[in-house]
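Heads up: the protein sequence lines correspond to chains H and U, in order.
Going by our numbering, 169 is the number at position 111 of the first sequence; the sequence numbering is gapless.
Going by our numbering, 289 is the number at position 51 of the second sequence; the sequence numbering is gapless.
C-beta atoms are modelled at their ideal positions from N, C-alpha and C, and glycine is treated no differently.
Following: one structure in structure tokens, then a few remarks.
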Amino acid sequence: MPAAVASARSQLARLDALTACGPDAFLLDLELEQAPPDFAPGAFAMLSPGHGGGPVIARPFSVYDRLDERRLRFLIQVLGRGTRHLCALVPGDAVQITVPLGNGFEVAPAGEPVVMVAGGVGSAPFLMYAQRRIAAGAAADTHFLFGARSADRLYDQDAFAALDMPMHTATDDGSSGYHGNLVQLLTDLLERAQLPAEARFCACGPEGLLHAFATFARARGLRAELSLETYMGCGFGVCNACPIPTEPSGPLGHWPWARTCVDGPVFALSSIRF
Amino acid sequence: MLETRLGELHLASPLLTASGTFGHDPAALAFLHPGDLGALVLKTVTPEPRHGNAPPRMVEFEGGVMNSIGLENKGLAYWREQVAPKLASVGVPVVANAGGHCAADYRLMVEAFSDMPGVAAIELNLSCPNVVGGTQFSSDAVALAEVVSLCRAATSKALWVKLSPNVPAIAPLAQAAEQAGADALTVCNTLAGLLIDWRTRKPRLGNGCGGMSGPAVRPLATRLVWESSQAVKIPVIASGGAESADDVLDFLVAGASAVQVGTACFRRPDVISLIAADLRRILAEEGLRLEQMVGTLRWPETVSC
Chain H
59 MPAAVASARS QLARLDALTA CGPDAFLLDL ELEQAPPDFA PGAFAMLSPG
109 HGGGPVIARP FSVYDRLDER RLRFLIQVLG RGTRHLCALV PGDAVQITVP
159 LGNGFEVAPA GEPVVMVAGG VGSAPFLMYA QRRIAAGAAA DTHFLFGARS
209 ADRLYDQDAF AALDMPMHTA TDDGSSGYHG NLVQLLTDLL ERAQLPAEAR
259 FCACGPEGLL HAFATFARAR GLRAELSLET YMGCGFGVCN ACPIPTEPSG
309 PLGHWPWART CVDGPVFALS SIRF
Chain U
239 MLETRLGELH LASPLLTASG TFGHDPAALA FLHPGDLGAL VLKTVTPEPR
289 HGNAPPRMVE FEGGVMNSIG LENKGLAYWR EQVAPKLASV GVPVVANAGG
339 HCAADYRLMV EAFSDMPGVA AIELNLSCPN VVGGTQFSSD AVALAEVVSL
389 CRAATSKALW VKLSPNVPAI APLAQAAEQA GADALTVCNT LAGLLIDWRT
439 RKPRLGNGCG GMSGPAVRPL ATRLVWESSQ AVKIPVIASG GAESADDVLD
489 FLVAGASAVQ VGTACFRRPD VISLIAADLR RILAEEGLRL EQMVGTLRWP
539 ETVSC
């Protein structure tokens, strides 16, 4: 069984709290019956309403925070049917969860600088990543760049601001931090030597941002990793509905597609065509 | 309590996976309790590797999903080397599923599966709506009989034929498969459909059309199970939208001897174990045995269909 699903279990969780976050997102706290094993930041869960109704297939979400052994927090932007149904639940309701899934980010060792690039709810995998880095004593070498259309879409930014690491925000409308997008901010910071160019650059966010970031990272020769989201049917590797084209010369190149759910969702930029 | 006979095969349960919904190999079995699954039906294998269709490959609608995976698989040589050796020790009968472009392809696949000790039965995917020529055998009784006869001659293992719902009448096709030597029929594959995004004026699936599955197709599958089971003596295996013990029992009453669970596995990988537990509870509460249920539909005398 692929390592990415070997420890995954499916169970019903209890919705503990649902807190509005920004104009169109929620923090969803779930209490699981069985504590999931340890998992990497960027690992994800498949969620759906627990007692029927709602979508036919579940939706993938990175685990945002592990509040304790059995309680997981998710940051969910309401975008379509699946997320609307989830965010209409109330505390006490059951939520179907399969977790942990996917590879997640390999946390860079303490001596290696990391730059995290998050667009909107693309911040989801990075709270736990930052926590791990800080626990390893690498806070000063962990840079968090957080961008969105406007300040109110820098979801739950206090949770990141409370961590002791360098943080920069960027908004398209200039309502918080740098006035511009994340790639412009990256360019600016690199040119002013505010970021180490030899760092591991990890990005997650809307597809437009990731494409712009990928182009930028390739042009600059940055070491980059992307956490991707595609349509997914199952999340555990059986349906082949989440293909991502592989780079023929890369480690996944023996087959033209990788499965985002079990080969990812985190990919080295050099291993995929994106 | 759930023991099921399917021709010569003795299964621990009437619940099977549906091809394409539980993987290319036995890995996902870890989600299920032993004894709950009757047989593991794996994803279609073709003689040569197939890269599959352009994404998006699966989209949802109210009541179901549409897929157009395009039979992505690494081909027979890979499967023989990497998958087949794992099958004998998985603790549940494995059903290999064969795909191809022409009758000779199917024969080749059946011969190969026939030589693999871990394969208990072979299902012919003669009805995939997502590949060119995927349904040529499923809509023409003569062509269907030819390919099934060829495959029958190539194996003594149980041979199942998976039929298409995209036909005006299923009985002649079911009979053609039976007469050509099929041991069981799987009824049915996905229903050809099209989902559109009006804003972009494009199909929502990368390959255009796709196959419908999930709860929305269950009434159609139930009718086809009933019609085909009336037309043949070999067992019929239902496939089409089952997601609960009640759905399974409905299919048995309609004439199915076993039921494949497909799309429901996507939402909940252990759903077959949940259904098995519910089935045991219902049978105990009602004092029923599974085989008493099969083909017991009481058709109202005043109604014709």
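Kindly indicate which three-state DSSP category residue i falls into: helix, strand or coil?
i, result
"U/Lys324", "helix"
"U/Val474", "strand"
"U/Val497", "strand"
"U/Thr373", "coil"
"H/Gly311", "coil"
"U/Cys340", "coil"
"U/Ala430", "strand"
"U/Leu244", "strand"
"H/Gln135", "strand"
"U/Val532", "coil"
Using a cut-off of 7 Å between C-beta atoms, extract the partners of residue i located in chain H.
i, result
"U/Pro294", "Tyr289"
"U/Val297", "Tyr289"
Could you tell me the distance, in whole angstroms, from the CA atom of residue i to the CA atom of residue j?
i, j, result
"H/Leu212", "H/Ala194", "26 Å"
"U/Met304", "H/Gly291", "10 Å"
"H/Pro224", "H/Gly308", "33 Å"
"H/Ala116", "U/Ala326", "32 Å"
"H/Thr227", "H/Ser234", "7 Å"
"U/Asn556", "U/Thr282", "The shown model of chain U, from 239 to 543, leaves out residue 556 of chain U, and the question about it has no answer."
"U/Gly258", "H/Asp210", "43 Å"
"H/Ala299", "H/Arg331", "17 Å"
"H/Leu70", "H/Gly180", "26 Å"
"H/Phe132", "H/Glu170", "28 Å"
"U/Tyr344", "U/Glu286", "12 Å"
"U/Leu411", "U/Thr255", "23 Å"
"H/Arg317", "U/Thr540", "53 Å"
"H/His201", "U/Pro453", "47 Å"
"U/Glu298", "H/Ala196", "43 Å"
"H/Leu243", "H/Phe271", "11 Å"
"U/Ala266", "U/Pro507", "8 Å"
"H/Leu240", "H/Ser208", "12 Å"
"U/Trp448", "U/Ser306", "Residue 448 of chain U is actually Gly in this sequence, not Trp. Rounded to whole angstroms, U/Gly448 to U/Ser306 spans 5 Å at the Cα level."
According to the Cβ coordinates, are residue i and residue j closer than 9 Å?
i, j, result
"U/Ala469", "U/Gln413", "yes"
"U/Val333", "U/Ala415", "no"
"H/Ala251", "H/Leu280", "no"
"U/Val405", "U/Ser451", "no"
"U/Gly422", "U/Val399", "The displayed chain sequence assigns Ala, not Gly, to residue 422 of chain U. Result yes, Cβ atoms of U/Ala422 and U/Val399 sit closer than 9 Å."
"H/Val320", "H/Gly160", "yes"
"U/Thr428", "U/Pro403", "yes"
"H/Phe119", "H/Val175", "no"
"U/Leu458", "U/Leu443", "no"
"U/Leu528", "U/Pro252", "yes"
"U/Val532", "U/Gly493", "yes"
"H/Asp82", "H/Gln135", "yes"
"U/Pro323", "U/Ala359", "no"
"H/Asp87", "H/Leu137", "no"
"U/Ala483", "U/Thr460", "no"
"U/Gly419", "U/Val386", "yes"
Residue i versus chain H: which residues are under 8 Å apart at the beta carbon?
i, result
"U/Ala266", "Met59, Val63, Phe294, Gly295, Val296"
"U/Asn305", "Gly291, Cys297, Ala299"
"U/Glu310", "Asn298, Pro301, Trp315"
"U/Gly290", "Asn298, Pro301, Trp315"
"U/Phe260", "Val296"
"U/Thr501", "Val114, Ile115"
Using DSSP bridges, identify the partner residues of residue i.
i, result
"U/Val332", "U/Leu278, U/Val357"
"H/Glu89", "H/Arg72, H/Arg129"
"U/Asn305", "U/Met296, U/Gly449"
"H/Met104", "H/Pro118, H/Thr156"
"H/Phe204", "H/Ala176, H/Thr227"
"U/Asn363", "U/Lys400"
"H/Ala282", "H/Phe259"
"U/Thr424", "U/Lys400, U/Ile475"
For residue i, return the contacting residues in chain U, with the cut-off set at a CB-CB distance below 8 Å.
i, result
"H/Ala156", "Looking at the sequence shown, residue 156 of chain H is not Ala but Thr. Those are Arg506, Pro507, listed as they occur along chain U."
Under 9 Å between beta-carbons, which chain U residues line up against residue i? List them in chain order, please.
i, result
"H/Ala116", "Phe504, Arg505, Arg506"
"H/Pro167", "Within chain U, no residue comes near H/Pro167; the closest Cβ sits about 31 Å away, beyond 9 Å."
"H/Ser106", "Arg505, Arg506"
Using a cut-off of 7 Å between C-beta atoms, extract the partners of residue i located in chain U.
i, result
"H/Pro171", "Chain U residues near H/Pro171: none, gap ~34 Å exceeds 7 Å."
Could you tell me which chain H residues have their CB closer than 9 Å to the CB of residue i, listed as they occur along the chain?
i, result
"U/Gly302", "Val114"
"U/Phe269", "Val63, Ala66, Arg67, Ser68, Thr156, Phe294"
"U/Pro453", "Val114"
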